[in-house]
Each structure stands twice: as structure tokens, then as C-alpha cells.
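Novice:
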Ligand SMILES: [Zn+2]
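In this note's numbering, the protein residues as written are 1413 to 1730.
As C-alpha cells, this is what we get:
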């Protein structure tokens, strides 16, 4: 049996949280009644996208303070985005506090909806968000973002030693594949993990998808939750000791356009970041780092593995 603390990242690894953040039900509606908060939030979103996290935190905080204390629906969304910004800025405890604030707002909304069914609050959605946030907060309480690795915070799967070198196929077919430039970018990202643990991890590139241990494709509609850019699935089996051994893994990566030459620098970075994160899953890190400073954080913007990412993959393949 997995340790109890490992249940939460597995749940969160599912697209639930991503789907929830992508669908803040009536947030826009509320902001319509408070232009000031909306303007601050937009500035915060822009700062977040451009990775200026101190500015993002400042704008989100201004948006929060310009709203009345009982504006729970809008406040919930704002605490949510400020929590993310705090996480990727490395403010772990402040992020946890914001996740808790978001949950408190959701809980108040669920209670209010019971006495006022006319308010149009999507209770089941709000309850689901609150439940997920509760799991997230409890999980974070058992994690130490400053430990040398996050091995104990994730589920671990492994490729058996006799599978190396792993055959990686980046699909180039027109329907589900990538152009040559994107293929190179994706291989570079996977190779960053390999370089981090050269004595154990080896890969080789193959052209035939049917020969692949790790198959990389573009998603078909419905493959990936709204708000998420990638997804990795496994075909694996468990031995009698409960170790999970991977037989094949499939990475789905969205990209702005198949034609690499048409991509902006930011879009190329996005593809690289996504490939780097999903490669970590494909190699066996099933779950997410609690720290926003690691590539395996669930909304990491990073292009380079952290020391903890490296230490974790080395611990999985010692
Ligand atoms: Zn992930």
C-alpha cells in the first residue's frame, strides 16, 4: 500500500485541480461589478505570464484588498491565482495560506447557496473545488519543500533496468505529430533528465511509434483537461512487493502550431517546459513536487531542472 501522504499528489496529478482553475464559474460576472479589482487582476495575470512574480503578487493583493470582504466568489479566484504566484515565487507557506483562504471562500459560498438557491452558485462545482483544496492543503502540511528531494511526496514508477536504452518516438505524422524543430526541442527536454542521471538513464530515438517505449504525440480533442497543456499516461504492472514497473508511457503535449518556424520564442519555451515536465512523469515521477521551484510542480514555468528534480530522479534510479 502506498503511504497515506502519497494519495494526495496522485489525486492532484489527475486533472481535477487544473480543470477547476480553468473554470472559475461566475468570476467574470462578479468582476463586472468591480472594475478596479478586475483591472488589478489583469495586470497581475500579465505579470504572472511574463514571470514577474513580485509584481503579480502585488497586483493580486491590490485586487483582493479592493474587494469587499464578503465578495467570496471573486476572492476565491484571486486567492487561487495568488497562491500559484506565491508557489512559483518560492513562498511556500504564504501559498498554503492562500490555498486555505480560497477554500474558506468556497466553503462560505456552499453554505450561502443552501439558504439562497436563487444566487446561481454552482454548488457541486464549488464543493468539488473545496474538497480538492482540502486535500491539497493537508498534503502540503506533510511535505517539506526544503528537503533535498521530493521522492516521498510522489508515487514512484520505474522502468526496469533491461528496458534501457528507452526507445523514444516523437510522432511526426500529420494528425498527431510534430514538425522536425519541435521534435528536436522535445528530445532536448527529455535529454535534460537523462543527463541528470547518466549512469542509469539512457534513451535512443526511434521513428516507428509501434516500437516506442515512450511515445510523444499531440493530443486529440478531449485527451487533455481544459487549462492543462500536457498529460502522461502509463501502461505498467505491480510486482508482489507493490513496486510499479512501466511497460510504456505516452506523453501528450499541446503546441501552438506544428510548424516550429512559426512559433514565437515564448511558444517554443512553453513546448520545452511542457516536454520537460511531462518527461519527468514519463520516466516515473507519478505525482507533483509541492514546491513551485521544481520542474515537477504542477504549474511550473521552469526550463531547467532544480537540484531537487535531479536528486529525485537519482533516488528513483540509484
Ligand atoms: Zn504534471
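For every residue, glycine included, the Cβ atom is placed at its ideal position computed from N, Cα and C.
1. Among residues of its own chain, excluding the 5 on either side of residue 1455, which ones have a beta-carbon nearer than 7 Å to its beta-carbon?
2. Report the residue ranges of all alpha helix (DSSP H) runs contained in full by the region 1430 to 1512; include only those spanning at least 4 residues, in chain order.
3. Can you tell me which residues form a DSSP beta bridge with residue 1657?
4. Leaving out five residues before and five after residue 1689 in sequence, what residues of the same chain have Cβ atoms less than 8 Å from its Cβ?
5. According to the neighbour-count rule (16 or more other Cβ atoms, all chains shown, within 10 Å of its Cβ), is residue 1453 buried or exposed?
6. Just the C-alpha distance for residue 1729 and residue 1677, rounded to the nearest angstrom, thanks.
7. Would you identify the three-state DSSP class for residue 1641, choosing helix, strand or coil?
8. Below 8 Å CB to CB, which residues in the same chain sit around residue 1606 once its five sequence neighbours on both sides are set aside?
9. Decide yes or no for the touch test of the region 1458 to 1473 against the region 1487 to 1496: beta carbon pairs closer than 8 Å, at least 3 of them.
10. Sorry if obvious, but does the Cβ on residue 1362 come closer than 7 Å to a heavy atom of ligand 1?
11. Taking 7 Å as the cut-off, is the beta-carbon of residue 1454 closer than that to any non-hydrogen atom of ligand 1?
12. Could you check what DSSP says for residue 1581 in three-state terms: helix, strand or coil?
13. Could you give the first and the last residue of the continuous beta strand (DSSP E) run that contains residue 1616?
14. Roughly how many whole angstroms lie between the Cα atoms of residue 1508 and residue 1618?
15. According to DSSP, simplified to helix, strand and coil, what is residue 1673?
16. State the start and end residues of the unbroken alpha helix (DSSP H) segment that holds residue 1604.
17. Considering only their Cβ atoms, is the gap separating residue 1601 from residue 1684 smaller than 8 Å?
18. Expressed to the nearest angstrom, what Euclidean distance is found between the alpha-carbon atoms of residue 1717 and residue 1604?
19. State the DSSP-derived secondary structure class of residue 1519, mapped to helix, strand or coil.
20. Under 8 Å: do the region 1689 to 1699 and the region 1535 to 1555 share three or more Cβ pairs, one atom per stretch?
21. Nearest CA to the CA of residue 1661: which residue from 1648, 1673 and 1672?
Specialist: If we stick to the structure as given:
1. 1471
2. 1439 to 1443, 1447 to 1461, 1465 to 1477 and 1484 to 1500
3. 1570 and 1649
4. 1642, 1707, 1708 and 1712
5. buried
6. 34 Å
7. coil
8. 1613, 1614 and 1615
9. yes
10. Only positions 1413 to 1730 of the chain appear in this structure, which leaves residue 1362 out of reach.
11. no
12. strand
13. 1615 to 1617
14. 43 Å
15. helix
16. 1592 to 1608
17. yes
18. 8 Å
19. helix
20. no
21. 1648
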